[in-house]
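Okay, structure first, notes after.
Number of protein chains: 2
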Amino acid sequence: MPSISQRGQDMPASPIRKLVPYAEAAKKRGVHVYHLNIGQPDIETPPSILDAVRHFNFKVLEYSHSAGNESYRHKLVSYYAKKNIDVNYKQIIITTGGSEAILFAMLSCLDAGDEVIIPEPFYANYNGFATEAGIKVVPVTSYIESGFALPSTEAFEKAITSRTKAILICNPNNPTGYLYTGPELNTLRQLVKKRGLYLFSDEAYREFCYEGEHLSAMQLEGLEENVILLDTISKRYSACGGRIGALVTRNQEVLDAVIKFAQARLSPPAFSQILGEAAVDLPDDYFNTTKEEYRKRRNALVERLSRIEGVFCPSPGGAFYAIARLPVSDAEHFSQWLLESFAFKGQTLMLAPAEGFYGTDGLGKNEVRMAYVLNVDSIHNAMDCLEAALREYPQSFSSKKAHNLSYK
Amino acid sequence: MPSISQRGQDMPASPIRKLVPYAEAAKKRGVHVYHLNIGQPDIETPPSILDAVRHFNFKVLEYSHSAGNESYRHKLVSYYAKKNIDVNYKQIIITTGGSEAILFAMLSCLDAGDEVIIPEPFYANYNGFATEAGIKVVPVTSYIESGFALPSTEAFEKAITSRTKAILICNPNNPTGYLYTGPELNTLRQLVKKRGLYLFSDEAYREFCYEGEHLSAMQLEGLEENVILLDTISKRYSACGGRIGALVTRNQEVLDAVIKFAQARLSPPAFSQILGEAAVDLPDDYFNTTKEEYRKRRNALVERLSRIEGVFCPSPGGAFYAIARLPVSDAEHFSQWLLESFAFKGQTLMLAPAEGFYGTDGLGKNEVRMAYVLNVDSIHNAMDCLEAALREYPQSFSSKKAHNLSYK
Chain W
3 MPSISQRGQD MPASPIRKLV PYAEAAKKRG VHVYHLNIGQ PDIETPPSIL
53 DAVRHFNFKV LEYSHSAGNE SYRHKLVSYY AKKNIDVNYK QIIITTGGSE
103 AILFAMLSCL DAGDEVIIPE PFYANYNGFA TEAGIKVVPV TSYIESGFAL
153 PSTEAFEKAI TSRTKAILIC NPNNPTGYLY TGPELNTLRQ LVKKRGLYLF
203 SDEAYREFCY EGEHLSAMQL EGLEENVILL DTISKRYSAC GGRIGALVTR
253 NQEVLDAVIK FAQARLSPPA FSQILGEAAV DLPDDYFNTT KEEYRKRRNA
303 LVERLSRIEG VFCPSPGGAF YAIARLPVSD AEHFSQWLLE SFAFKGQTLM
353 LAPAEGFYGT DGLGKNEVRM AYVLNVDSIH NAMDCLEAAL REYPQSFSSK
403 KAHNLSYK
Chain Y
3 MPSISQRGQD MPASPIRKLV PYAEAAKKRG VHVYHLNIGQ PDIETPPSIL
53 DAVRHFNFKV LEYSHSAGNE SYRHKLVSYY AKKNIDVNYK QIIITTGGSE
103 AILFAMLSCL DAGDEVIIPE PFYANYNGFA TEAGIKVVPV TSYIESGFAL
153 PSTEAFEKAI TSRTKAILIC NPNNPTGYLY TGPELNTLRQ LVKKRGLYLF
203 SDEAYREFCY EGEHLSAMQL EGLEENVILL DTISKRYSAC GGRIGALVTR
253 NQEVLDAVIK FAQARLSPPA FSQILGEAAV DLPDDYFNTT KEEYRKRRNA
303 LVERLSRIEG VFCPSPGGAF YAIARLPVSD AEHFSQWLLE SFAFKGQTLM
353 LAPAEGFYGT DGLGKNEVRM AYVLNVDSIH NAMDCLEAAL REYPQSFSSK
403 KAHNLSYK
């Protein structure tokens, strides 16, 4: 009998999804579950862009160009121009979700055994793509005490080896919500320039910044050859299921490599490219409404968390995530317990244990990520549950006492 | 300045697409180009399944399950049952095109440095996915003289090393159109069983068999742990742009690995899953019409080719491709010349040089692949062009004389 590959074994299971069976069981028992665990926004996809898909008029669902429809790529030039990102359409390759942009960047720039440095905690699926590409992820720790600000130059320098080819950031950050500042980006600029590294910049949450303006890595001077922008429409327009993203760079050698990976898989999905193209025409104030809604949710979440004893949650500057430290010793155990053994007024909440977002073993064990993708009322209800749960959670499992892991 | 990866450099450019600039130039000169070079069918996508997409009624374009919508997977069980393939929905993982099914199978079953044996000529993008996965493709040659029948057991045995983990077939075959027989599949069955290998079976063209019935690798007895079916709706329903495929296997360990790769990229595209699900409900005779159309085209193509002096083209039993040997010494040069320097009544044709479908250097140099994805009239026009072209093609480039490669 043939055996599966080592990388098939090494491939990490999704830390976000592994509690799903417990949530399903809770729902079968009639418990309402507030999903703060996953970045699936409840915001409606703009009806006009869904209509654009409804009104397609082709008769043959053909392959598109491997780099995506030219009309869409031209449109995106104007979208990026509004964001002060100056690119031409040949510098944009449409990908199947931001996911594929990440994978293509890794495959094109790094060989198996090469290293990418990522501030931790980080989006867990970076691990997955790195495993696919045979790349080693080297974490550099950011800390909840400083609100997950960029680690110091020294910390990055210490992590760089002869195999380091790239630094990957997510700005604003998933899972921390941290929005990198101008000085921080300048630090990165100097670092990648000095060490001849790529800077992969995942800007999936660009439109959702609550404190100050978003600065794109594409705006950093002198990094034309270094920066690869990883983008997606998933969060921007609440269009996660469309699986449309983009890889954008001014580095022609990288574009030449990426297009070969793109050609192998033929083309990105057709219907969602129509949606993406229509989205560029949304009125300029579209994001204001959405952003204000997220801001309210963030404020509600952070304010409620700040009132719970033993909980610490720095207010995130962007995206729609926050990481909170809880007064428990094992947040995964607590999250499972919330689904298996707890209910408050017939309700509970689902959290993402933060441990899975760290590359360093042992970090984040008492932290959880919360996605504020539910409306303010739901967030209040979920916080009512959390408050009650932390009161009720057996002392033996709390941070003050060692807990019995056999429960897991 | 950072450099791109070795695999980025090694990644093969698409042999089908590299003549595209010459075709574009021909069109700019006003020459009509018959595209026999690419497997993009002109058959209309069934209007009812396009309508199913138009009539979606969700308000949020959400992620689907990483394995695809459960309703779709259940539907596919009934599709496969009609094809005498007995599987349950948990054994089906929806992928982003057949492309992703191929990549997931390679990643899950083979490690970097492992080998997959593929009868050549083969679908050129297998090379691309193998390069992504760091896998070595070991070709075993099939020959035009035998109509590209399966190579002998001895040839396979000779190619097997300690690193061999899988044999990959495409049935019916792209690019040869060959339909594997029961005895041939039985040969493979014994081989993979004896040597403990995976059998990857790409059955993208299952519905288009003109001589006899299609036999799926999933029907081979005793291979529950060995067979991975790689599937797609692209050709089946003329839905190439949808990017919906499936990986199907009864091997639970493989499913467990594949789902982790699937989770990393979150989900397959949403709109096209609706299309795929609706397609299962097409009337049973849907394929008859399409198949008869392709049969007519095949007959027209092969019959015309058989009348051209010096051309040899075995009649393909399935898919919509044929490989022909031409009386030229360099089919790529000829194909480029057709686009650059030739026209007959203001028309020419675009061919896919077969060399790019071979893994062994030097094979297929005087062969081309033709996709009969155009209607019978167009095929006749294209054959008129080919006849005239072979008369007009400079003697110095014909197979009887050495040609000056500086032309390239």
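If you read the protein sequences in the order shown, they are chains W and Y. First residue of the first sequence: 3, per our numbering; consecutive thereafter. First residue of the second sequence: 3, per our numbering; consecutive thereafter. C-beta atoms are modelled at their ideal positions from N, C-alpha and C, and glycine is treated no differently. This structure is a prediction, so every number in the text was calculated from the model and none was measured.
Inset, instruction - For the region 164 to 174 of chain W and the region 120 to 131 of chain W, state whether three or more C-beta atom pairs, one from each stretch, are separated by less than 8 Å. - result: yes
Inset, instruction - Could you tell me how far apart the beta carbons of Y36 of chain W and L351 of chain W are, in whole angstroms, since I believe they sit closer than 8 Å? - result: 4 Å
Inset, instruction - Report the rounded CA-to-CA distance for A324 of chain W versus I146 of chain W, giving the unit in angstroms. - result: 10 Å
Inset, instruction - Could you tell me the distance, in whole angstroms, from the CA atom of G12 of chain W to the CA atom of R165 of chain W? - result: Reading off the sequence, residue 12 of chain W comes out as Asp, not Gly. Near 21 Å, if we compare the C-alpha coordinates of R165 of chain W and D12 of chain W.
Inset, instruction - Would you check if the distance between the CB atom of Y180 of chain Y and the CB atom of P318 of chain Y is smaller than 8 Å? - result: Using a Cβ distance threshold of 8 Å, Y180 of chain Y and P318 of chain Y count as a contacting pair.
Inset, instruction - Would you mind reading off the limits of the beta strand (DSSP E) that contains P141 of chain W? - result: That run of the beta strand (DSSP E) goes 138 to 143.
Inset, instruction - Inspect the beta-carbon positions of P17 of chain Y and P355 of chain Y and report whether they are closer than 8 Å. - result: yes
Inset, instruction - Have a look at the DSSP bridge pairing and note the partners of D204 of chain Y. - result: Y:C172, Y:L232
Legend entry - Coil, strand or helix - P49 of chain W by DSSP: helix
Inset, instruction - Going by CA-CA distance only, name the one from Y:A259, Y:L38, Y:A272, Y:V250 that's closest to G243 of chain Y. - result: Y:A272
Legend entry - Neighbourhood of Y288 of chain Y by C-beta distance below 8 Å, restricted to the same chain and skipping five residues each side: P48
Legend entry - Residue environment, S73 of chain Y, which counts as buried when at least 16 other CB atoms sit within 10 Å: exposed
Inset, instruction - Answer yes or no: the CB of K196 of chain W versus the heavy atoms of the ligand GDP, is any distance below 7 Å? - result: Absence of the ligand GDP from the depicted structure is noted, as is the absence of any ligand whatsoever, leaving it without description.
Inset, instruction - Taking all protein chains shown into account, decide if N253 of chain W is buried (16 or more other Cβ within 10 angstroms of its Cβ) or exposed. - result: buried
Inset, instruction - Could you name the residues of the region 258 to 271 of chain Y whose beta carbon sits closer than 9 Å to any beta carbon of chain W, in the order they occur along the chain? - result: D258, A259, V260, I261, K262, F263, Q265, A266, R267, L268, S269, P270, P271
Legend entry - Short CB-CB distance (under 8 Å) between S154 of chain W and chain Y: no
Inset, instruction - Rounded to whole angstroms, what's the CA-CA distance from T143 of chain Y to P153 of chain Y? Just pull it up for me. - result: 6 Å
Inset, instruction - Return helix, strand or coil for H245 of chain W, following the three-state DSSP convention. - result: Inspection of the sequence shows that residue 245 of chain W is occupied by Arg rather than by His. Note: R245 of chain W maps to coil in three-state DSSP.
Inset, instruction - Indicate whether E205 of chain W and A151 of chain W have their beta-carbon atoms separated by less than 8 Å. - result: no
Legend entry - Counterpart residues of T350 of chain W in DSSP-defined beta bridges: W:V35
Inset, instruction - Let me know the secondary structure DSSP gives L109 of chain Y once reduced to three states. - result: In the structure shown, L109 of chain Y sits in a helix (DSSP, three-state: H, G or I).
Inset, instruction - Report yes if the C-beta distance between Y207 of chain W and A321 of chain W is below 8 Å; otherwise report no. - result: yes
Inset, instruction - Determine the closest residue to V330 of chain Y out of Y:I87, Y:Q397, Y:A114, Y:Y360, with distance taken between C-alpha atoms. - result: Y:Q397
Inset, instruction - Have a look at the DSSP bridge pairing and note the partners of Y323 of chain W. - result: W:A373
Legend entry - Three-state class that DSSP yields for T189 of chain W in the structure shown: Three-state result, T189 of chain W: helix.
Legend entry - Closer than 8 Å to chain B by CB, T166 of chain W: The structure shown contains no chain B; the protein chains it does contain are W and Y.
Legend entry - Spatial neighbours of F228 of chain Y in its chain, beta-carbon cut-off 6 Å, leaving aside the 5 residues before and after: Here the sequence assigns Asn to residue 228 of chain Y, which means Phe is not the residue at that position. Answer for N228 of chain Y: V194, Y200, L201, listed in chain order.
Inset, instruction - Express the C-alpha separation of E279 of chain W and K77 of chain W in angstroms, rounding to a whole number. - result: In this structure, the straight-line span from the alpha carbon of K77 of chain W to that of E279 of chain W is close to 7 Å.
Inset, instruction - Select from Y:K237, Y:R238, Y:A264 the residue whose C-alpha is nearest the C-alpha of L249 of chain Y. - result: Y:A264
Inset, instruction - Determine whether the Cβ of K293 of chain Y lies closer than 8 Å to any Cβ atom of chain W. - result: no
Inset, instruction - Please classify T292 of chain W: does DSSP put it in a helix, a strand, or coil? - result: helix
Inset, instruction - Spell out the partners DSSP gives E117 of chain W in its beta bridges. - result: W:K138, W:T166
Legend entry - Close Cβ partners of Q93 of chain Y (< 8 Å) along its chain, the five nearest in sequence each way excluded: Excluding residues within five positions, the ones whose Cβ falls inside 8 Å are V250, T251, R252, L257.
Inset, instruction - Determine the DSSP secondary structure at C315 of chain Y, reduced to helix, strand or coil. - result: Residue state, collapsed to three classes: coil.
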